[in-house]
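For the record, in the sequence shown the residue sitting at position 140 is 148 according to our numbering, with numbers rising by one throughout.
What follows is one structure encoded as C-alpha cells, with my remarks underneath.
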Amino acid sequence: MDLSVVIPANNEAENIAPLAGEIRAALDGVVAYEILFVDDGSTDATAAEVSRLAARMPQVRLLHHARNCGQSAAIRTGVRAARAAWIATLDGDGQNDPADIPALWHQARQAAANPRLMIAGCRARRRDSWSKRLASRVANTVRGRLLGDRTPDTGCGLKLFPRSLFLDLPYFDHMHRFLPALVLREGGVVRSVPVNHRPRRQGVSKYGVFDRLGVGIVDLFGIMWLQHRSTRPHPVDEAVPDTSAATPLRAASTPR
C-alpha cells in the first residue's frame, strides 16, 4: 500500500460513486492505493453508498462518525486509520479532480528524501459563486500576510503529505484550513501546485461565507500564538570517541 486517499463526507450520497470511479480511473496502474470515505455523521444514504461500493471495490473502506464532528476531525480519523505512508485528501463534494493526484504523487516520489513535504493544490480557476471567491481571496491574503505560509490557496481540499507528518501536527477543530502553516511550523516544506476545480454537481454546500469568516479569525490568532511558541530542537549526532590515534596497549611483561 503506497497511498491512502482520505475523503471526509457529510450528506454526499450522490457524489460517492462518481468520485470513487474517478479515483479508480486516475490511480489504477499508477500506485497501490486505498480509498477511505469518512462519513461524518451524515443523515442521508452516504454510509449505505460507501458500503455498497466497498462490496465490489476492495480498495474502498468506510469509517463512520456517530455525529457530525467537522471536516478536520474526519480527516484526522481517516489519516489515523490509513494503511499507507502517504495521504491524499479530497473534498467529498466532487469539486476536486482526482485526475490531478498522479501529478502530485509523481512530485512526492521525486522528493522522497524529504519526509516533511506537503504538496498543496491551488485552484487555478475557482468554480464557485462570486461571493465565495471574493471571501476566499480576502482570507488567503490576510492569512498569508499574518502567518507567512507562502501558500496562495490553503482552502483547496486536494493535498498530499506523509501520514507521519500529519500526526505530528497539533490537532484542533478547523485545523485543515491552516495545514501549510502548521507544516512550516514543524520545519516542513510546502509546495503549491495548480490543480483543476469543478462546480458542485450534486448536493448542497456545507459552508457559508460568514460562518467560515467567524471561526477563521479566531483560529488565525490561535495559529499565530502557536508560531510564537514553536521550539524545534536540532538533534546533534551522538559523539563517538576517536580512538584512531590512541597509543596501542602493550602486554605486561613477565619479570625474568
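Ideal placement from N, C-alpha and C gives every residue a C-beta, glycine not left out.
For clarity, every value in this text was computed on a predicted model and none was experimentally measured.
Would you report the Cα separation of residue i and residue j, rounded to the nearest angstrom?
i, j, result
"R206", "Q67", "25 Å"
"G230", "R134", "28 Å"
"A28", "G195", "34 Å"
"N104", "L98", "6 Å"
"E42", "R237", "37 Å"
"T54", "A21", "4 Å"
"I15", "N23", "11 Å"
"A62", "I31", "14 Å"
"V13", "V201", "18 Å"
"L11", "I95", "6 Å"
"L71", "M65", "15 Å"
"R153", "A116", "27 Å"
With a CB to CB cut of under 7 Å and the five nearest residues on each side skipped, what residues in its chain are close to residue i?
i, result
"R84", "Y179"
"L192", "D157, V198"
"T51", "N19"
"G165", "T97, L98, D99, N104"
Would you call residue i buried or exposed, if buried means 16 or more other Cβ atoms sit within 10 Å of its Cβ?
i, result
"W233", "exposed"
"R131", "buried"
"V39", "buried"
"H184", "buried"
"G37", "exposed"
"R69", "buried"
"P26", "exposed"
"M9", "exposed"
"A119", "exposed"
"I225", "exposed"
Can you tell me where the alpha helix (DSSP H) holding residue i begins and where it ends?
i, result
"T54", "54 to 62"
"V13", "Run containing V13: none in the alpha helix (DSSP H); it sits in the beta strand (DSSP E), 11 to 17."
"R117", "109 to 118"
"R32", "21 to 35"
"A92", "First-last for A92: undefined, no H or E at that position."
By the DSSP assignment, the beta strand (DSSP E) with residue i in it spans what residues?
i, result
"R199", "197 to 203"
"D48", "41 to 48"
"T85", "Careful: T85 lies outside any beta strand (DSSP E), inside the alpha helix (DSSP H) at 79 to 89."
"G102", "From DSSP, G102 is part of no beta strand (DSSP E); its letter is neither H nor E."
"G129", "125 to 131"
"V68", "68 to 73"
Give me, in chain order, the residues of the same chain whose beta-carbon lies closer than 6 Å to that of residue i; leave out the 5 immediate sequence neighbours on both sides.
i, result
"A2", "Nothing can be reported for residue 2: it is not among the residues displayed for the chain, which extend from 9 to 264."
"Q210", "E22, N23"
"D181", "G78, S80"
Report all residues from its chain with a CB closer than 8 Å to the CB of residue i; omit the five preceding and five following residues, and keep chain order.
i, result
"D48", "P16, A17, N18, H73, N76, C77, G78, Q79, A81, A82"
"S172", "A93, P123"
"L190", "L177, P178, M183, I231, L234"
| request: Would you list, in sequence order, the uninterrupted alpha helix (DSSP H) runs of no fewer than 4 residues that lie entirely inside the stretch 145 to 184? | output: Taken in chain order, the whole alpha helix (DSSP H) runs of length 4 or more contained in the stretch 145 to 184 are 171 to 176.
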